[in-house]
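As given, the protein sequences belong to chains B and U, one line each in that order. Using my numbering, the first residue of the first sequence is number 157, and each one after it goes up by one. Using my numbering, the first residue of the second sequence is number 157, and each one after it goes up by one.
2 protein chains.
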Amino acid sequence: MQNARLTRDDVARAALRILDELGLPDLTMRRLAAELNVRPSALYWHFPNKQTLLADLADRIVTRRHPAESASGWDGRLRAEAFVLRDALLAYRDSAEIVSSSLALGLGENPAHARLRQALDSSPFDAESADRAATTMLHFLLGHVSLEQQRLQYDSLGARSGEPVTLESHEGDFRFGVDILIAGLRDRASADSPAPS
Amino acid sequence: MQNARLTRDDVARAALRILDELGLPDLTMRRLAAELNVRPSALYWHFPNKQTLLADLADRIVTRRHPAESASGWDGRLRAEAFVLRDALLAYRDSAEIVSSSLALGLGENPAHARLRQALDSSPFDAESADRAATTMLHFLLGHVSLEQQRLQYDSLGARSGEPVTLESHEGDFRFGVDILIAGLRDRASADSPAPS
Numbered sequence: 157m158q159n160a161r162l163t164r165d166d167v168a169r170a171a172l173r174i175l176d177e178l179g180l181p182d183l184t185m186r187r188l189a190a191e192l193n194v195r196p197s198a199l200y201w202h203f204p205n206k207q208t209l210l211a212d213l214a215d216r217i218v219t220r221r222h223p224a225e226s227a228s229g230w231d232g233r234l235r236a237e238a239f240v241l242r243d244a245l246l247a248y249r250d251s252a253e254i255v256s257s258s259l260a261l262g263l264g265e266n267p268a269h270a271r272l273r274q275a276l277d278s279s280p281f282d283a284e285s286a287d288r289a290a291t292t293m294l295h296f297l298l299g300h301v302s303l304e305q306q307r308l309q310y311d312s313l314g315a316r317s318g319e320p321v322t323l324e325s326h327e328g329d330f331r332f333g334v335d336i337l338i339a340g341l342r343d344r345a346s347a348d349s350p351a352p353s
Numbered sequence: 157m158q159n160a161r162l163t164r165d166d167v168a169r170a171a172l173r174i175l176d177e178l179g180l181p182d183l184t185m186r187r188l189a190a191e192l193n194v195r196p197s198a199l200y201w202h203f204p205n206k207q208t209l210l211a212d213l214a215d216r217i218v219t220r221r222h223p224a225e226s227a228s229g230w231d232g233r234l235r236a237e238a239f240v241l242r243d244a245l246l247a248y249r250d251s252a253e254i255v256s257s258s259l260a261l262g263l264g265e266n267p268a269h270a271r272l273r274q275a276l277d278s279s280p281f282d283a284e285s286a287d288r289a290a291t292t293m294l295h296f297l298l299g300h301v302s303l304e305q306q307r308l309q310y311d312s313l314g315a316r317s318g319e320p321v322t323l324e325s326h327e328g329d330f331r332f333g334v335d336i337l338i339a340g341l342r343d344r345a346s347a348d349s350p351a352p353s
């Protein structure tokens, strides 16, 4: 029987709770239905399959936070978006994997890419280069956060060899990488800009 | 009964065959034992658990190819290593996930990082910055290839929305990203270098 009061938002919120408490491997449609005390068919009314659910979660995770308006220039805005996206991803377990998977599936416009791309609107890059610049930052971001989340997970299970990697060390690596990317983009932007006439 | 003729190399090669044909989710110790026609206990003699097996596979995948010696300068060598590592990863399904996971577990010295780091030996960076430069390139590489492999996988299952992403488009994105990173590192290197006295 269809639970008339169950909304799409209810389903997504319950999925985020399971993700937060148990992680992606335990986020099954069956468990989600049990958590909501409905039959699995009530979920499929809102999400035809798990992929569309994960794409919705990716959007929610990524759009939760926005940078302060203070950043100026395309480079400052791109940098600010990168840091805020990392924070947004770190708020949910396995989020880098979820965002990467929904990006790979090509479901809808990816909001993480869209935000990085938007920061580049005022850059001197043409549309193709601006797309690629946003893609570069996104690939670095997902590679970095995915590793960071796996390490946190392994540390919490006592499964890692060697010393725990600290949050400070991850932050230092991330800052270094973002700064290198921005410096490279500035260099490319000045090479692409037509000389003032 | 211990199969006296089964070597560690036999086990790793069989695991790579399963990876190639079926992918990481189907690479279980049980299936591997069946493939080799031995009991699972014969595998544990060589690899105490699946993590150490995956770390060994990551090393084999990453060290399979080396760049031509023609690249000159730390920037040319770093660029060449990045391209060869992408090729090496693309030769095995789910390899980015395997390398990322063994990197996160901290098992042994990671050969992908070691190769990128070695290219930076002749750079003007101090040890900490050279480590971070190699880490930045590796995070970009893993983020990029992981997405590329997921897309190939989804395309082969007919599960992706939108047009197939071509190898050329992935290569263009990868080249753009590597060039931006190298330009950013050159910029940082010239800022770090002491002025000639």
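Each residue gets a CB set at the ideal place from its N, CA and C atoms; glycine is no exception. Remember, predicted model here, so these are calculated numbers, not experimental data.
Residue burial classification, U/L294 (beta-carbon count within 10 angstroms, cutoff 16)
Locating residue 294 of chain U in the second sequence gives position 138, counting from the first residue. Buried is the call here.
TODO: Starting from the C-beta of B/N159, find all residues in its chain whose C-beta is less than 6 Å away, skip the five residues before and the five after it, and write them out in chain order.
DONE: Sequence index remark: in the first sequence, residue 159 of chain B carries index 3 (1-based). Unreliable positioning characterises B/N159 in this predicted model, as indicated by a pLDDT of 49, which lies under 50. The coordinate reading is nonetheless provided below. Cβ within range, chain order: V194 and A198.
To which residues of the same chain is U/S258 closer than 6 Å at the C-beta, ignoring the five residues directly before and after it?
For the purposes of this step, residue 258 of chain U is identified with residue 102 of the second sequence, where counting begins at 1. The residues are L210, A211 and A214.
Close Cβ partners of B/M157 (< 6 Å) along its chain, the five nearest in sequence each way excluded
The sequence position of residue 157 of chain B within the first sequence is 1, counting from 1. With a pLDDT of only 44 at B/M157, under the threshold of 50, the placement of this residue in the model should not be trusted, and no figure is reported.
Reduced DSSP category for B/P280 - H, G, I as helix; E, B as strand; rest coil = Here residue 280 of chain B refers to the residue found at position 124 of the first sequence. Three-state result, B/P280: coil.
Taking a cut of 7 Å between CB atoms, which residues from the stretch 165 to 192 of chain B lie near chain U?
none
**Q.** U/G328 versus U/S312, U/G340, U/S228 and U/E304, residue with shortest Cα-Cα distance
**A.** Numbered from 1 along the second sequence, position 172 holds the residue referred to as residue 328 of chain U. Comparing Cα positions, the closest option is U/E304.
So is U/W201 buried or exposed if we call it buried at 16+ other beta carbons inside 10 Å?
The count along the second sequence starts at 1 and reaches residue 201 of chain U at position 45. Its Cβ having fewer than 16 others within 10 Å, U/W201 is exposed.
Quiz prompt | Given 8 Å, three or more beta-carbon pairs between the stretch 276 to 293 of chain U and the stretch 332 to 350 of chain B | solution = yes
Can you list the residues of chain B that U/H295 reaches, using a CB-CB cut of under 7 Å?
Translated into positions along the second sequence, residue 295 of chain U becomes position 139. F296, G299, H300, L303 and G333, listed in chain order.
Review point. Going by the beta-carbon positions, is the gap between U/R316 and B/G262 smaller than 7 Å?
Key: Position 160 of the second sequence, counted from the start, is the residue given in the question as residue 316 of chain U. Position 106 of the first sequence, counted from the start, is the residue given in the question as residue 262 of chain B. Yes. Within cutoff.
- Leaving aside the five residues before and after B/R242 along the sequence, list all residues of the same chain whose C-beta is less than 8 Å from its C-beta, in chain order. Numbered from its first residue, the first sequence carries residue 242 of chain B at position 86. Answer for B/R242: L297, H300, V301 and F330, listed in chain order.
Inset, instruction - Within 10 angstroms of the Cβ of U/R344, are there 16 or more other Cβ atoms? Answer buried if so, exposed if not. - result: Looking up residue 344 of chain U in the second sequence gives position 188. It is buried - the Cβ of U/R344 has at least 16 other Cβ atoms within 10 Å.
TODO: Please compile the residues from chain U whose C-beta is within a distance smaller than 7 Å of the C-beta of B/A339.
DONE: Your numbering for residue 339 of chain B matches position 183 in the first sequence. Simply G340, D343 and R344.
Can you tell me the Cβ-Cβ gap for B/A244 and B/R221, rounded? I've got them flagged as a contact below 8 Å.
As a first step, residue 244 of chain B is located in the first sequence; it is residue number 88 there, counting from the start. As a first step, residue 221 of chain B is located in the first sequence; it is residue number 65 there, counting from the start. Correct: roughly 5 Å between the Cβ atoms.
message: Give me, in chain order, the residues of the same chain whose beta-carbon lies closer than 8 Å to that of B/D348; leave out the 5 immediate sequence neighbours on both sides.
response: Position 192 of the first sequence, counted from the start, is the residue given in the question as residue 348 of chain B. Excluding sequence neighbours, B/D348 sits near P280, F281, D282 and S285.
### Query
Are B/E237 and B/R216 touching if we call contact CB-CB under 7 Å?
One-based indexing of the first sequence puts residue 237 of chain B at position 81. One-based indexing of the first sequence puts residue 216 of chain B at position 60. Not closer than 7 Å, so no.
So, is B/R249 buried or exposed, given that buried needs 16 or more other C-beta atoms within 10 angstroms?
-> By one-based count along the first sequence, residue 249 of chain B stands at place 93. That one is buried.
Exercise. Report the residues of the stretch 240 to 257 of chain B with a CB closer than 8 Å to any CB of chain U, ordered along the chain.
Key: The residues in question are S256 and S257.
### Task
Out of B/D231, B/V255, B/D311 and B/I338, point me to the one whose CA is closest to B/T208's CA.
In the first sequence, residue 208 of chain B corresponds to position 52, counting from 1. Minimum Cα distance to B/T208 is reached at B/V255.
Worksheet item: Who are the Cβ neighbours of U/H326 in its own chain at under 7 Å, not counting the five residues just before and after it?
Response: Taking the first residue of the second sequence as position 1, residue 326 of chain U is located at position 170. Within the same chain, U/H326 has close Cβ partners E304.
Quiz item: For the candidate residues U/D287, U/A227 and U/A189, whose alpha-carbon lies nearest to that of U/I174?
Solution: One-based indexing of the second sequence puts residue 174 of chain U at position 18. Per the Cα distances, U/A189.
7 Å is my cut-off, CB to CB: does B/I336 come that close to chain U? In the first sequence, residue 336 of chain B corresponds to position 180, counting from 1. Chain U, which has a Cβ nearer than 7 Å to the Cβ of B/I336, makes this yes.
message = Strictly under 7 Å for the Cβ-Cβ distance: is U/D329 near chain B by that measure?
response = Indexing the second sequence from 1 puts residue 329 of chain U at position 173. It does: the Cβ of U/D329 has a partner Cβ on chain B nearer than 7 Å.
| alpha helix (DSSP H) containing U/A270: first to last residue? | Mapped onto the second sequence, residue 270 of chain U falls at position 114. First-last of the alpha helix (DSSP H) with U/A270: P267 to A275.
Quick one: using the 10 Å Cβ neighbour count with 16 as the cut-off for buried, is U/N266 buried or exposed?
Taking the second sequence and counting its residues from 1, the one referred to as residue 266 of chain U is at position 110. U/N266 comes out buried.
Neighbourhood of U/T219 by C-beta distance below 7 Å, restricted to the same chain and skipping five residues each side: By one-based count along the second sequence, residue 219 of chain U stands at place 63. Once the five neighbours on either side are set aside, the close Cβ partners of U/T219 are P267.
Considering Cα atoms alone, identify which of B/A260, B/K206 and B/L192 is closest to B/A170.
Counted from its first residue, the first sequence places residue 170 of chain B at position 14. Checking every option, the nearest Cα to that of B/A170 belongs to B/L192.
Please state the DSSP three-state secondary structure of B/S256. Within the first sequence, the letter at position 100 stands for residue 256 of chain B. B/S256: helix per DSSP, three-state reduction.
**Message:** I need the boundaries of the alpha helix (DSSP H) containing U/T208, first residue and last residue.
**Reply:** For the purposes of this step, residue 208 of chain U is taken as residue 52 along the second sequence, with counting starting at 1. K206 to V218 is the span of the alpha helix (DSSP H), which, as asked, contains U/T208.
Anything in chain U within Cβ reach of B/L313, meaning under 9 Å, just list it in chain order. On the first sequence, residue 313 of chain B is found 157 positions in, with the first residue counted as 1. Result: empty, since nearest Cβ-Cβ is about 10 Å, beyond 9 Å.
Handout entry: Residues of the stretch 197 to 225 of chain U whose Cβ lies closer than 9 Å to any Cβ of chain B, in chain order
Key = Q207
Could you tell me the boundaries of the alpha helix (DSSP H) in which U/E324 lies?
As a first step, residue 324 of chain U must be located in the second sequence, where it is residue number 168. That run of the alpha helix (DSSP H) goes L323 to D348.
Check: Of the residues B/R288, B/A247 and B/Q274, which one's Cα is nearest the Cα of B/G179?
Finding: Within the first sequence, residue 179 of chain B is the residue found at index 23, counting from 1. Cα-wise, what sits closest to B/G179 is B/A247.
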